[in-house]
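Residue numbering for the sequence shown follows the working numbering, starting at 1232 and increasing by one per position. Glycine included, C-beta positions come from ideal geometry on N, C-alpha and C. Scroll down for the structure; my scribbles are underneath it.
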Amino acid sequence: MEKVRQPTHAGSWYTDNPTKLSSDLEEWLSATGLTKSPAVRGVIAPHAGYSYSGRAAAYAFANIDPTNISRIFLLGPSHHFYTPKCALSTATVYKTPIGNLPVDVEMIKEIRAMGKFGMMDLRVDEAEHSMEMHLPYLAKVFEGHNVKVVPILVGAVSAENEAMYGELLAKYVDDPKNFFSVSSDFCHWGSRFNYMHYDNTHGAIHKSIEALDKKGMDIIETGDPDAFKKYLLEFENTICGRHPISIFLHMLKHSSSKIKINFLKYEQSSQCQTMRDSSVSYASAAAKLET
């Protein structure tokens, strides 16, 4: 029986008008000037409302050549539901205003059989925005192609379990028909986020935030999950998708494919000048097969 996950954030976080949504996405994708490459096997992209991060996200999704891809693994952090595990979707279809993405129910069964994954009910699934904000872009890029999604909600996972999940999922990286969409915003700065790290040697607050984020992005590009963990422990940067990113780094480390992450775009929702200000950072990256 069909079990549909509704696009619960359409009409608020992004437009629910199919024509407008489609043309916005097309415009942002073409504005990047990027070329689609079959070597791109994954992306890291933000998940804020499209008025904030839609343009930045295009720099991840514009790289994707959909021709040979038939399955997309979605890894998104959990904002509202506490679980120490990764949880799989119970839906059979993910709906978007511009087309539906069927869930790969067989793959969900296969992963569930590993015995390490929980399940999230539809209510939890629909409350979470981290994966939903990737869906319209994926529906757009994969328009006219048969592709299924494997949504994995990543909970408050320990460092040991990040490594364990990365090892379990690593084999899927070696299948060129699989693609990985990793959802994360970067620094959430300001008193409302309870995070106000400021190194004045960089000048203005927004420059300090940028330096902090870029340091993390440089470490992610090295592909070293342990170095990323060390960075997070040292600076406590409020990267909300740190667990999905860490799992992805462990996956790449344990796969036999040589895949390199490169960041292509960095933006901030606003430029903080005083301690009363706040901002969220957005960074987009492509994970590319090195030949």
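| Check | Outcome |
| --- | --- |
| Beta-bridge partners of glutamine 1499, as assigned by DSSP | Ser1512 |
| Those residues which DSSP pairs with isoleucine 1295 across a bridge | Ser1268 |
| Residues bridged to arginine 1473 (per DSSP) | In DSSP, arginine 1473 forms no bridge with anything. |
| Cβ neighbours of asparagine 1331 in the same chain (closer than 6 angstroms, five flanking residues each side left out) | Val1324 |
| Helix, strand or coil at serine 1415 [DSSP, three-state] | coil |
| Leucine 1464, buried or exposed, once every other Cβ within 10 Å from all chains shown has been counted against 16 | exposed |
| Coarse secondary structure for serine 1320, derived from DSSP in three states | strand |
| Residues near alanine 1322 by beta carbon distance below 8 angstroms, same chain, minus five either side | Lys1234, Val1235, Arg1236, Val1334, Leu1353, Asp1356, Pro1382 |
| For threonine 1327 and threonine 1250, the rounded distance between their alpha carbons | 12 angstroms |
| Entirely enclosed beta strand (DSSP E) segments - the segment 1369 to 1414, minimum 3 residues | 1379 to 1385, 1409 to 1414 |
| Identity of the residue in Glu1337, Asp1255, Phe1494, Ala1458 nearest valine 1413 by Cα | Phe1494 |
| Beta-ladder partner(s) of tyrosine 1426, from DSSP | Gly1421 |
| Span of the alpha helix (DSSP H) around methionine 1338 | 1336 to 1343 |
| Chain-order list of residues whose beta-carbon lies under 8 angstroms from that of tyrosine 1313 (same chain, five-residue window excluded) | Gly1386, Ala1387 |
| Terminal residues of the alpha helix (DSSP H) in which arginine 1354 lies | 1353 to 1358 |
| Cβ neighbours of alanine 1517 in the same chain (closer than 7 angstroms, five flanking residues each side left out) | Val1271, Val1274, Ala1291, Asn1294, Asn1493, Leu1495 |
| Helix, strand or coil at methionine 1362 according to DSSP, with G and I counted as helix | coil |
| Neighbour-count burial assignment, methionine 1506, 16 or more Cβ in a 10 Å radius | exposed |
| Separation of glutamate 1393 from glycine 1447, as counted between CA atoms | 17 angstroms |
| Straight-line gap, serine 1254 to serine 1282 (C-alpha atoms, nearest Å) | 14 angstroms |
| Member of Pro1277, Tyr1245, Trp1259, Arg1343 whose CA lies at the smallest distance from the CA of phenylalanine 1417 | Pro1277 |
| Three-state secondary structure (DSSP) of glycine 1307 | strand |
| Distance between isoleucine 1303 and lysine 1267 (C-alpha atoms, nearest Å) | 17 angstroms |
| Which of helix, strand or coil DSSP assigns to isoleucine 1436 | helix |
| Test: proline 1238 CB closer than 8 angstroms to a CB of chain B | You won't find chain B in this structure, because it holds only one protein chain. |
| Whether isoleucine 1440 touches serine 1512 by CB criterion (8 angstroms) | yes |
| Distance between serine 1501 and glutamate 1363 (C-alpha atoms, nearest Å) | 23 angstroms |
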